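Below: the structure, in structure tokens.
2 protein chains.
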Amino acid sequence: MENNPVAAEDDRARSLRRMRRLSLHLAEPSLLPAERQLATVPCARAKRVSVANPAAFAAYMRGKHWDVQVRVFEFFRSRPDLQTPIEIPMADHRELCLRQLRALVREGGVRPFRYVFEDPGVYFAVAQAAGSVDMSLGIKMGVQYSLWGGSVINLGTQKHKEMFFDGIDNLDYPGCFAMTELHHGSNVQGLQTTATFDIATDEFIINTPNDGAIKWWIGNAALHGKFATVFAKLLLPSQETGGVTDMGIHAFIVPIRDLKTHQTLPGVEIRDCGHKVGLNGVDNGALKFSFVRIPRDNLLNRFGDVSRDGKYTSSLPSVSKRFAAMLGELVGGRVGLGYSSVNVLQLAVTIAVRYSLLRQQFGPPKQPEVCILDYQSQQQKLMPMLASTYAFHFASRYMVENYTEMKKTHDEQIVSDVHALSAGLKSYITSYTAKSLSICREACGGHGYAAVNRFGSLRNDHDIFQTFEGDNTVLLQQVAGDLLKQYKEKFQGGTLSVTWNYLRDSMGTYLSQPNPVTARWEGEDHLRDPKFQLDAFRYRTSRLLQTAAMRLRKHTKTLGSFGAWNRCLNHLLTLAESHIESVILVKFIEAVNNCPDNSTRTVLKLVCDLYALDRIWNDIGTYRNVDYVAPNKAKAIQKLRDYLCFQLRTVAKELIDAFDLPDHVTRAPIAMQSQAYTNYTQQVGFQPEPAPVVL
Amino acid sequence: MENNPVAAEDDRARSLRRMRRLSLHLAEPSLLPAERQLATVPCARAKRVSVANPAAFAAYMRGKHWDVQVRVFEFFRSRPDLQTPIEIPMADHRELCLRQLRALVREGGVRPFRYVFEDPGVYFAVAQAAGSVDMSLGIKMGVQYSLWGGSVINLGTQKHKEMFFDGIDNLDYPGCFAMTELHHGSNVQGLQTTATFDIATDEFIINTPNDGAIKWWIGNAALHGKFATVFAKLLLPSQETGGVTDMGIHAFIVPIRDLKTHQTLPGVEIRDCGHKVGLNGVDNGALKFSFVRIPRDNLLNRFGDVSRDGKYTSSLPSVSKRFAAMLGELVGGRVGLGYSSVNVLQLAVTIAVRYSLLRQQFGPPKQPEVCILDYQSQQQKLMPMLASTYAFHFASRYMVENYTEMKKTHDEQIVSDVHALSAGLKSYITSYTAKSLSICREACGGHGYAAVNRFGSLRNDHDIFQTFEGDNTVLLQQVAGDLLKQYKEKFQGGTLSVTWNYLRDSMGTYLSQPNPVTARWEGEDHLRDPKFQLDAFRYRTSRLLQTAAMRLRKHTKTLGSFGAWNRCLNHLLTLAESHIESVILVKFIEAVNNCPDNSTRTVLKLVCDLYALDRIWNDIGTYRNVDYVAPNKAKAIQKLRDYLCFQLRTVAKELIDAFDLPDHVTRAPIAMQSQAYTNYTQQVGFQPEPAPVVL
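Taken in order, these protein sequences are the chains called A and B.
So that you can map any letter, position 269 of the first sequence is 269 in the numbering used here, and since no number is skipped, the others follow by simple counting.
So that you can map any letter, position 493 of the second sequence is 1493 in the numbering used here, and since no number is skipped, the others follow by simple counting.
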């Protein structure tokens, strides 16, 4: 959602140190002793792993807010009238979704809006659980409380809170977040809607100057919204020119429907954006304004205000700083999406793995057929995905904890961390989950294509997670931009060797030029040593960062900063992904180290190793190309990765069980924990077999 | 759909030489002179490419049967009552789909069943065009004519043709292809349904012995089918034992609904498989048989027959040969799916590229925004995909031509070629298209998520192309199995060096050990030389083949053939993909060479180079690991690949236009060739702007 990282470098002074601090996390001193400790975990070949204590495992995996999630699940379980059927027309789905949300809030005693401010961790847990019930419900909740409600509270002041809090909380005031326009999504500074101050009447005039400025994809707009937070260029009458001065994008509360009659208000034209790929329980609409007048008080004036006589005041010195502060308040949406995406991935992996353990096809001559998870190809599809699910689980939990801390302390350093972390994790996780959903469907063959088994709706609903709250490609560029700024800050005017020194200094002792001796080490203990894994991840990131900076400097001379950025764009996206992968690995290693239960820790270590080696293998070309690994080591990595897939398969059931998703949440008949086929045949209308000869 | 490649090695005697002949295609002598000719095409940097003659370009791209496709398009264009709306309940969609098919056949004068036999190329062209109208229609057509009709004609004899041809042709006899069971899809030999001959009444008794044997996913079964071709184990009374003898899987025509009343017949239980991820215009059902009696004549007896006194006769000597012959007749389905998948990819790429040329976002400071196809990241997403679309276009056309030739001549050599080629291309193309549809949606951001812009339905409908008519992972194993058999046949008992000689002999002169000198060549002329590209592709395939054979031999000793195959499965899948990529490249190079128009040829050469270098770069780790390319060359390949993406972007519009898909076929408002945004806003109900200031 933020502006182009090149074109607006000066807009970002506040975020200069974000990523440096992130990399400090990477090199936390606490890590090294633990790494030594981990090295003593018996290697996989030496000892067969097993889950000795499933309860301890599940307990370690549960979030702090598991109880509220169970409450959401149980509420909907007790209300069959609120369950979303497999096939439901869009119009019915939208009404059902509103009923689901109202029932949860008014009857289920879950008050998301309060959590948003009192304890965001609880809010994210509720939204995640609601998303498991129906992803439209999770998003509808996000529109109401995080976007519409969040914009009123975070961008407004006390007067707005007093006027709107209760109505938003109890759903009397469903509302919209009207930022995106037909022509502008990512480039928020390019929005064309205007808000002109009329000093004569003490009002703002909201206007859509051309069809490209129609507010588009606005959730809650097509049917249910009473208000919208409209983002528009604030135009103030200028005494000097007699014209108007553009003060930049600001947010305004605009009533769009009559509170009593629900009639669309004069000057507002609302159209239905229609059927979407997914999330059809959310009523997205388009809003066109024709000189709609709103009181001056409707400006959300926390970061900038207009006085009765048309004077502008702000605690922040520039348009760009105000813009950054405004967008900065909206980071919660990204945190929530990344966090919910992990849950979607958990659901999909649970269904795919349980079915792959059930399904048998082919086998050795004259022997029973084997389950399809025994095939190397199926392991290759699902085991690295399972490992990534664990990795994302710990990383996203860390992100939510940091966000909660940020909201409590408003510590500037944490603010910066959360911005970079949420941009990176939202992008990386949602892209990975989107791909995985297709892989899961395919891995489950024909039965994966039955709507009742959920891959279709999960994929369709989740798909847009890659786009909204910040397009993933744009967010990754923000991560890359932050890394580069931190890099530049350190070595401005320095030579190449200073550059390398900087990297050494800032990222600790792990970075070294490829060592022709260690490049050949191929022992399992070495490859499973977190130190080797982290070294490899960080080496890659550091190298990509250094070469990106060099290339950008070179090309900027001839192409300008925009052209140079574009010329290096693929490189920069790889840099950002590489960095995020490191952050995720660090958090995973910490989670392994911190696990109090021995058998759980051993299994988690296995999962963590697969995550690490899978990522290294995926980019083996890069490692080979700089001789960071020799050919023999590359082969050993591939071999161990395949072997770890096989090892994970032996504890796959337990790893899935530890996600603790009961059958009434997974819902897919092919993934039931017992009698799956029977459940499936009954679901299409067959009577149960008299004697279960098949099962 | 065939059996496990390891467990049934001896089943495959007929296919031993398939892939060898395929590789002969790879080394056609005609190629070399053309390669020299191509080397004279000015390299991209030296001369800006452009499409001088769009008409010649489009003409070269058009298939032989473009006219019949236009007829299908125009028929549906003239019949708005037959167009599938964006949102349609499943029940209505199924009825509409039947009406679409009936109208096309009875009013549009298109008779697919006749084309199936008279000129399959026309049939595939019709099915492809029907799929563009609504993919459910294309599949419904395939169920009726290729599967149900095809099984009657190809597996039956004259008596069946006389009895059923007209009813199938004119849709009086809608029918089903009842092969897949709840428990068995890929492993057709594991089907459990039985057909027991009752000598007393001269009937077969069709029975579902357990719920795992319920016929599942049967198209046309839930609603419209009158008959089903049921695949079942033929059980003949044995005079010796007094019991029955299992003669293997055979096909039987079983009436399932009354011809007049449409009532389900006694002993047949039909359930609706319900809502699917996509293709909801096709009524898939489940069939359970309770001792249903059918006349002996209903055995489709081309490859095996039962006499009045219960004696079995066949021109083929073994169960496995008859099984292979039976499945061999069904290869048309794969050809059709691969061919249609290319069209789906064309549609998606057309929409994504046209929108990426329209959509502007961000830009250099104080300059207009740039179109998103100008971003390197967008080029990287879409240009290799565009190149692959061209590559698949020529390869699939070749496949259809070969299939047509096979049906004419029944030449055993062509039969073998078509089997391997269709398994490989169906698998490779449908997997690639499935991934690409998600990439296209994501690349088009929020507007890509509007259902009206089609990515959602294309993806949902196409998804199952990866599974039906042979699961892609299983089909790839067939390709690998064929390659290995051909390999074994050549060097049985030979030593390693003989192995290498074999590879040299059979694959021509291109294969060499990595040469440390050429491994460093990085000039553009070299990298764009088809000889280098083919060498690289073939080197990789040959190496994978050789190492796979060695590993299989090694592991078979300890793990048995099934275990060894599974231990090498990922390797074997990579081998198969590598081989198919080579076949596709060869066909693309031929298509470039054969192009009569100079400017078209120059552009096609550019596209072909991107296809080749993109694939090489995707597996650069492998090439680096064996030092087939040195680090400098790896970098040069990456750089040239990125540059070719940029070059393609400059002719992207023309490359898309050459697909010749008119707006009324692409249909997505964001991809209209003029006034796209206006079309889009009007589509949700806004009035046109009085003056088009935006566009």
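Beta carbons: idealized from backbone N, C-alpha and C, even for Gly.
All values reported here derive from a predicted model rather than from experimental measurement.
Range of the contiguous beta strand (DSSP E) that encloses residue i
i, result
"Cys1176(B)", "1175-1178"
"Val1110(B)", "That residue, Val1110(B), is in no beta strand (DSSP E); it is neither H nor E in DSSP."
"Thr194(A)", "194-198"
Contact set for residue i: own chain, Cβ-Cβ below 6 Å, skip 5 residues either direction
i, result
"Gln100(A)", "Leu82, Leu137"
"Val629(A)", "Ala519, Tyr623"
"Lys140(A)", "Cys97, Leu101, Val282"
"Gly1685(B)", "none"
"Asn298(A)", "Phe252, Ile253"
"Thr495(A)", "With a pLDDT of 40 at Thr495(A), under the threshold of 50, the modelled position of this residue cannot be trusted, and the question is left open."
"Gly1338(B)", "Ser1396, Leu1425, Lys1426, Ile1429"
"His1025(B)", "The predicted position of His1025(B) is uncertain, since its pLDDT is 37 and thus under 50; a value taken from the coordinates is nonetheless stated next. Excluding sequence neighbours, His1025(B) sits near nothing in its chain."
"Gln37(A)", "In this prediction, Gln37(A) scores a pLDDT of 32, lower than 50, which makes its location untrustworthy; the coordinate-derived value is nonetheless stated afterwards. Nothing meets the Cβ criterion."
"Tyr1390(B)", "Val1607"
"Ala1228(B)", "Cys1176, Ala1178, Val1254, Ile1256"
Whether residue i touches residue j by CB criterion (8 Å)
i, j, result
"Asp471(A)", "Ala434(A)", "no"
"Leu1287(B)", "Ala1213(B)", "no"
"Arg715(A)", "Ile656(A)", "This structure does not reach residue 715(A), given that chain A is present from 1 up to 695, and the question cannot be answered."
"Phe303(A)", "Ser290(A)", "no"
"Met385(A)", "Ile439(A)", "yes"
"Phe252(A)", "Ala324(A)", "no"
"Ile153(A)", "Lys159(A)", "no"
"Gly108(A)", "Phe57(A)", "no"
"Leu1575(B)", "Leu1475(B)", "no"
"Trp1217(B)", "Cys1176(B)", "no"
Residue span of the alpha helix (DSSP H) that contains residue i, given as start and end
i, result
"Ile697(A)", "The structure shown has nothing for residue 697(A), since chain A only spans 1 to 695."
"Arg615(A)", "598-618"
"Gly1328(B)", "1319-1328"
"Asp529(A)", "Note, Asp529(A): premise wrong, no alpha helix (DSSP H); not H, not E."
"Thr1574(B)", "1569-1594"
"Ala127(A)", "120-133"
"Glu162(A)", "158-169"
"Ala519(A)", "Per DSSP, Ala519(A) belongs to no alpha helix (DSSP H) and is neither H nor E."
Identity of the residues DSSP links to residue i by a beta bridge
i, result
"Cys1371(B)", "Gln1360(B)"
"Lys215(A)", "Glu181(A), Leu287(A)"
"Asn207(A)", "Thr194(A)"
"Leu1299(B)", "Phe1252(B)"
"Thr201(A)", "Looking at the DSSP assignment, Thr201(A) forms no beta bridge with any residue, so it has no partner."
"Tyr312(A)", "Val306(A)"
Residues of its chain near residue i, where Cβ-Cβ distance is below 7 Å and the 5 sequence neighbours each way are ignored
i, result
"Leu527(A)", "Leu613, Ala636, Ile637, Leu640"
"Ile564(A)", "Here residue 564(A) is Ala; the residue named in the question, Ile, does not match the sequence. Taken in chain order, the residues that qualify are Leu552, His555, Thr556."
"Ala103(A)", "Arg79, Leu82"
"Arg1257(B)", "Gly1225, Lys1226, Gln1263, Thr1264, Leu1265"
"Thr1681(B)", "none"
Contact test: residue i Cβ vs the ligand PLP heavy atom, cutoff 7 Å
i, result
"Met1385(B)", "With respect to the ligand PLP, the structure shown offers nothing to examine, as it has no ligands at all."
Cβ-based neighbour list, residue i, same chain, cut-off 8 Å, excluding 5 preceding and 5 following
i, result
"Arg1567(B)", "Arg1551, His1555, Leu1559"
"Leu606(A)", "Ala44, Val49, Leu644, Gln647, Leu648, Val651"
Going along the chain, which unbroken runs of the beta strand (DSSP E) with 3 or more residues stay wholly within the region 1220-1294 of chain B? Listed in chain order, the complete beta strand (DSSP E) runs (minimum 3 residues) inside the region 1220-1294 of chain B are 1227-1237, 1244-1255, 1268-1272, 1285-1289.
My parser needs the beta strand (DSSP E) runs of 3 or more residues fully inside the region 398-478 of chain A; what are they? If you keep only unbroken beta strand (DSSP E) runs of at least 3 residues inside the region 398-478 of chain A, you get nothing at all.
My parser needs the alpha helix (DSSP H) runs of 4 or more residues fully inside the region 1610-1689 of chain B; what are they? Correct list: 1620-1625, 1631-1650, 1652-1657, 1663-1666, 1676-1683.
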